[in-house]
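Protein chains in written order, with our numbering: chain A, 1 to 393; chain B, 1001 to 1393; chain C, 2001 to 2373; chain D, 3001 to 3373.
Next comes the structure, spelled out in C-alpha cells:
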C-alpha cells in the first residue's frame, strides 16, 4: 500500500462492501448519533454493524497505533479515509470523548498498562467516557479545583464535585482532575485520575440552561474509591496533562469554524424572510450588518484554510488556536443575533413552525455560552496577547 | 439688586451702552480672538475697548471676588450675564488660561499675597499665562515628571522641559509642576510654581502635529531662576493642586459636548454631498452609521442637560466628568470619521474648495488627539470604573 | 422642564421599587413560568397593581383615573423592568389607555377608561401582520356592513393575547386604515396563544366575518394611520422605559458580581478589560436615562409629534439594554448560562421588548427618514 | 492552490523587505514631503524599483516582462505598504499593466507594456468624476470624429496625476462606456495636480476636444464597463495588499511600543484593556492576510470574476487597516500625534488607500448586491 491512490481505492472498495446503505445519509437528528458504551441502545442493527465493522479496522480512531486497536494510519491516509467517508455521506460510526479527549492524553502520558486497559475498549465503543474538569465556583480558574483524593494506602477516596460534564449521566467511566496534595501550590498537587462511574458514591444532576435542556450535568463524589493505578502521568503532575488536553480541545473547536455547514446562509434566510426591493434587502441597516458578518465568516473560513495549509507546510498552530476559538465563537454569536433579528416576532416564541419550534431562539440563547465554555473569550485574548504578541504581565 | 430680573435689566442696559457694535458678531476666525498679555496686538480699537470695559467691571472673571478685580457675581447672576452676552452675540472679551486654569487654583490654594499679585492682572488681561504640566516621556503618568527645582537658598533653579504647552511661545508667565524633592515618593515632592517666561533660560520650540501647525510648544528650562514665594499651596504638596485643576479642566471639557454648534449636521452634509433617492441617502451603510451617530450625539446633549439640571438640584457631577470627557471626545472622533467618509476623495487633499483647503482632513487628524489630551480615554474609563462603579484595584 | 425627577416622582418610584421587590421580584416570574400559567402573568398580582393605582395613572380624573401623566407611568415601567414583573401594564395601562385618550370618543372613553383604571379590562394592540414590525402593511379589511363594519384578516405577535378583553385592531377601510375596538369574545374572533421567550403569552388573532357596531371605530374613519403612529410612539417610549430598568438592573447585578467574585486569587472586577467594558456600558446607560426621561416629559408636555424622539429612544434603548444583558451573561460566566440563576431572564425579556414595536434597525431607518435622509 | 507562500515567493518578499527598509524607509517619505517634490515620489527610487524588476512582474515575457503573476506583485505592494514607499507601483505596474493585459490589442500591448516594464511609462486610471467612487457614473463623452474619437469631460482623484504619461479614461460612447488611452501631453488635456494627505500627488484632469486616434480605444467599443470593473477589481486587491502591509507595520510598531514603554512604573503592554484590543486587532489582521492571499491567488489562477472577493478584500482591509492605524496613534499617546514621529503617516496613507476604488461602505454595498441581497 505504498501509493496514496492505492489506499484510496482500497478504502473505497471496503466502504462499498461494508458501509450499510442506511448509514450513508446525514443524521436526521443529533439524538440518533452513535455514542456507544455499556448501556447504549442502537437505533438500528445497521448502526451497530457499522460501528462494529469500522472498529474492527481501527477506523473509529484511524491514527491510533494498531497495538491499541487503532487504525495506524498516517495523516495522509487519515485524510483520504475522511474524504471517502464524506464522499458517500457516511455517518460518523462513533462519537466519543474517549477518542477525542482522553485518548490523546493516554497516548502521550499514560503507562503501557493503562493504554492496554483503556484504549481498545474506546476504539470499539464499549466504554463511554465523561470529562471532569470544571468545578462549581472555579470558572476560568480551572486550577483552583477542590475535588480531593485522599490517600488511603492502596487506594484514594474522592470527595467533591464537577460541573459542565457533558452527558455525565450517560458515562461509564470518568477522567477527572482532582487535588491529591492539598499542601502544594495551586498548580502542583493536581492529578489526572480515572474511575468507573458505577462506583458507589458517584451521582449526577442535570443542568438546565437558559436555552432549556442541556447535555451537561453536575457530578457529585461522595467517598468514591479511586484505584491508585488509574493515574495518568505522574502523581501531582496532572496539570501538565490538563494543559495539553485544553490546547487539544481548543484546536478542535478552532478547526470547526462557524457551525453553518449545511444550513442556509444568513443572507438567504434574510431575503427569504424579509424580501428585497430591486434586489436589495428591504432592511438596509440589517443588510449592512449581514454583509459585515458574511465577510468575516468568509475571512475565518479562509484563515482556517490557510492555517491548515501552514500546518501542512510545517508551521505549528500553537497559540493561534486561542485566536480561532475567540473569533469563531464571537462570529457564531453574531450569526445567531442576526438570525434573531431576521426572525423578528417569529423568533421570540418557543412553539410553532415559524421559530422551528423554538429552535431559533434556543440556538441564540445557547450561543451565549460559546464565549464562556472551553475557556472564555477573555482568557483566549489573554493568551493571544501573551503568547502570540509577547505582551508583558 | 435683590431681584434677578433687576440684575438682568441692569446688565442689558450696560451692555447696550458698552459693547461696541463690531463686537456683537461671532468671531470670523479663531485667530481674531482676544488673548491679552504683554505683547498682544489688538485687532481693532473696539476689541481693546471691549476688554477694558468688561475688565473694569470684573466681568472677564464674573464669579471671582471683587477684591481681586473679579465681578463678585453669584451663580445665578453669572448665568444671567452669560445669557445676556449670548443674546447680543457678544464676543468673549478675553480668552485666558489665567482665568480658566490658574485662577481657580490660586483662589483655592494661593496665599493672600499671591492672589493680590496675580489675580487682578489676569482679570485685566495684562498677563497671558501658559501651563506647564506634561513632560516628554511622562504621558498619562503625569506624576512621573522630572523637571526639577533645586533649592539655592533664597531661590530655586529650574531645569527640565515641558510639552504640550498651548501657546507657550506667546505666554508671559507660566504655572508649572516641578519636582522640589527628588528623594520623596513620586506624588510627594512635587510643587506648583510660577515664573516669568522672560526669565533667562526659558525657551520654546513649536510642536507640529499630524494635522499640521498647532498652538502647542515644548518649553525648555535651562537654569531658570524661580522665586521661592511663587509657590501655590504648600511646598512639595503641588500634586493636590494639580489634581484639583485636572478635575476642573475635565469638567470644562465635559460640559462642552460635541463641538458641532453652528456647523451643519452630519446628515445634512451627507445629503448635500451624496444625494438621496426617494428621500433616502444613497449610501445606506453610511446612512445607518450616521443615524447611530446622530442618535448618540442627541443622547449626549440630553445627558449634559440632565447633568446640569441635576447639579442645579444639588447633585454633584463628581467623577461623571470623566464619563463626559470620554463620551464626548469619542463622539467627536466618530463625527470626523463620518465627515471624511462623506467627503470621499475631496476630503483627502490639503488644498482646494472641496476640502475647505484641507480643513476637513485637518480636523479629522486633529481629532485623533481628543482621546489622548486632557487624560486619555483609557484613564477616563479607569476613573469611571473605580470612582463611579466602585470596581476594585 | 428640568430634566430631573421631582420630589413626588421620586417618591412614586421608591414606592414602586419597594412594592415590586417585595411582591414581584424575579422569583415571581420564575414561579409563574414553572406553574404553567396560561396568561403569562398573575391575576392576583395584577389586582395588587390595580390597588396601587398604577392602572389609573394615565386615565383622566373624569374617567375615574388619576391623570398623573406619562413620566409617572414610565417610572413604574422602568421599575417593573428591573424586577421583570410580568403584567399587562405596558399594553393596557399605557398603550391601550393612550389609544383611548388620543382617539376615543367621549362615549368610548367613558365606557372603557374606567374599566382600565379599575383593572377590569385588558387591552391589546393588534397591528402587526408580518414577522417584522411594519405597521403600514395591512391586509386585514373592514368593510361597511349595516350600521357597522365587517372585519376579516389576522394579526400576529399580539402581546397579552390570551388575557385581552378587547383588541385594538388596525384594518384597511377603503382609503386609509382605521382602528377598531374588537371584543375578544366577538363571534369570528379566534385567539391562538403561544408562549414567548420571557414567559409572556402572545397570540395570533384571526378575524373571520366579525360584525362590529359603528361604535367600534376608534378615531376618524380612514385616518387610523396617524393615530396608530402616535399610539405606537407612546408604546415605544414605554417599552424604552422598561428596557431602561432591565439595562440598569442587569448592569448593577453584574457590577455586584464583579465586586465579589474571585478568580485567580483576585476579584474579577479588578481586570482592566472588564473595567473598561463596564465603564463604557455605564456611559451608555447614562445616555439612556436622559433620553427616556426626555421622551416621557415631552409626552406630558403634550407634544403631539414624538416620532423622532420615540424612534431615537427605542433604537438607543434596544441597543444598550441588549448589550447590558449580553455582557451580564458573559461577565457572570458559566453560572450566567444556567437556568437556575436569574440573569438569563433579563436577556429574554429584553429581546421581547427590543423587538416589540420595531427593533433597533427599524428605528434607525425611521429616525433617518424622519430627519430627511 | 495551498493558501501559503511558496519558497520563491517568500524569497521575493524578503528581498523586497530588505530593499525597501534600506532604500525607502518611512524617512524617505518624509524627505520627499519636506523637499516639496512635485510628483509625489522619487524618480531615483523609481529607477531602482525598475532595476529590481518590479515593474516587469506582471508584464508577459513576450513584452519584455517576467510574467511572474499577481501574488508576487501583491507581496511587493504589501511590503511597500509597510514602508509607506511612495511610487506608481500600484497605479502603473499593477492597475495600468492589468488594463493593457486584459483589454489591450496585441499592438497596444506591444507598444505600452515594454515601456511599463522598463519603467518608462507611467499609467493612471482616470474613472472617477464624483467625490465618492461611482465608476458607473460617467458624464465624460467620446464621440466618433474622423478615424478616431473626440473626448470631452473630466476626471477627479486621478492618482499619480502629475507624473502620468498616459491616462486610462472611461467615457460614454453612445451605448455603454469605453476606455481610452489618452496621452497626458495630448492637446486639450489639462492636468491640475494637488497634494493628497499622504504626500502623493493626485490630479483633476479635464479633456477639451481631445482628438484621439482609433488606436486609443482600449477593449471593445461600448463594452468598457466590464473591462473597467475587472481592472478596478484588480486595483482593489492591490490596494488591499498595500493596506495589509500598512496594518501589519502599524500594528507591529505599536506592539513594540507596548513592550517597551513604561507608565505608572509598569510596561503599558501589561494593561489588560490594551492587551485585549491588541489581541482582537491581531485576529483581524490574520483574517486580512488570508483574504489578500486568496484574492491574489485567484487572479493568478485566471479566475475571471473576482468581484465578490475583491469587494470582500477591500471592505475588510479598509476596515482593519483603518482600525490598526487609529489604534496605533491612540496607543502611542501624545507622541503619536506629533509630526516628528512616524506613526501618523500610516493613518494618512491608509486613508487614501481605503478611499481609493471605493471605501468600505461602497464595498459592503457591492458585496451584498453581488450576493443577491
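Every residue, glycine too, gets a C-beta built ideally from N, C-alpha and C.
If we ignore side chains and look at the alpha-carbon of each, how far apart do residue i and residue j end up?
i               : j               : result
residue 157(A)  : residue 195(A)  : 11 angstroms
residue 2286(C) : residue 2321(C) : 12 angstroms
residue 2062(C) : residue 2113(C) : 10 angstroms
residue 3234(D) : residue 3202(D) : 20 angstroms
residue 1179(B) : residue 1366(B) : 31 angstroms
residue 1014(B) : residue 1097(B) : 26 angstroms
residue 1174(B) : residue 2329(C) : 52 angstroms
residue 3230(D) : residue 3239(D) : 14 angstroms
residue 328(A)  : residue 2142(C) : 51 angstroms
residue 168(A)  : residue 62(A)   : 26 angstroms
residue 268(A)  : residue 292(A)  : 15 angstroms
Count the other CB atoms within 10 Å of the CB of residue i; is the residue buried (16 or more) or exposed (fewer)?
i               : result
residue 1376(B) : buried
residue 214(A)  : buried
residue 1001(B) : Note on residue 1001(B): pLDDT 49, under 50, position unreliable in the model; no value is reported.
residue 1084(B) : buried
residue 66(A)   : exposed
residue 1241(B) : buried
residue 1313(B) : exposed
With a threshold of 9 angstroms between beta carbons, is residue i in contact with chain C?
i               : result
residue 1299(B) : yes
residue 1378(B) : yes
Mind checking if residue i is an interface residue toward chain D, Cβ cutoff 9 angstroms exclusive?
i               : result
residue 1368(B) : yes
residue 2220(C) : no
residue 1328(B) : no
residue 1164(B) : yes
residue 141(A)  : no
For a cutoff of 9 angstroms on Cβ pairs, would you count residue i as touching chain A?
i               : result
residue 2040(C) : no
residue 3228(D) : no
residue 2371(C) : no
Compare the C-beta of residue i with all C-beta atoms of chain B and state if any pair is closer than 9 angstroms.
i               : result
residue 3015(D) : no
residue 3282(D) : no
residue 3330(D) : yes
Under 8 angstroms: does the beta carbon of residue i sit that close to some heavy atom of the ligand FAD?
i               : result
residue 2276(C) : The ligand FAD is absent from the structure shown, which contains no ligands of any kind.
Positions along the segment 348-360 of chain A whose CB lies within less than 8 angstroms of some CB in chain C:
348, 349, 350, 351, 352 and 354
Using Cβ-Cβ distances below 7 angstroms, what residues of the segment 178-212 of chain A are close to chain C?
207, 208, 209 and 210
Chain-ordered residues of the segment 2235-2268 of chain C with a beta carbon less than 7 angstroms from chain B:
2255, 2258, 2259 and 2267
Short of 9 angstroms Cβ to Cβ, which residues in the segment 2269-2280 of chain C face chain D?
2271, 2272, 2273, 2274, 2275, 2276 and 2277
At a Cβ cut of 9 angstroms, what residues of the segment 3337-3357 of chain D count as close to chain B, listed as they run along the chain?
3337, 3338, 3339, 3340, 3341, 3343, 3344, 3345, 3347, 3348, 3351, 3352, 3355 and 3356
What residues in the segment 270-285 of chain A bring their beta carbon closer than 9 angstroms to a beta carbon of chain B?
280, 284 and 285
According to a CB-to-CB cut-off of less than 8 angstroms, which residues of the segment 3165-3195 of chain D neighbour chain B?
3194 and 3195
Touch test, the segment 49-59 of chain A against the segment 14-21 of chain A, Cβ-Cβ under 8 angstroms, three pairs minimum:
yes
Got a sec: which bits of the segment 286-297 of chain A sit with their beta carbon under 8 angstroms from any beta carbon on chain D, in order along the chain?
287, 288, 290, 291, 292, 294, 295 and 296
Quick test of the definition: if touching needs 3 or more C-beta pairs under 8 angstroms, does the segment 1339-1350 of chain B touch the segment 1129-1146 of chain B?
no
For the segment 313-345 of chain A, which residues have a beta carbon sitting closer than 7 angstroms to at least one beta carbon of chain D?
313, 323, 326 and 327
Pull out every residue of the segment 3126-3138 of chain D whose Cβ sits closer than 8 angstroms to any Cβ of chain B, in chain order.
3128, 3130, 3131, 3132 and 3133
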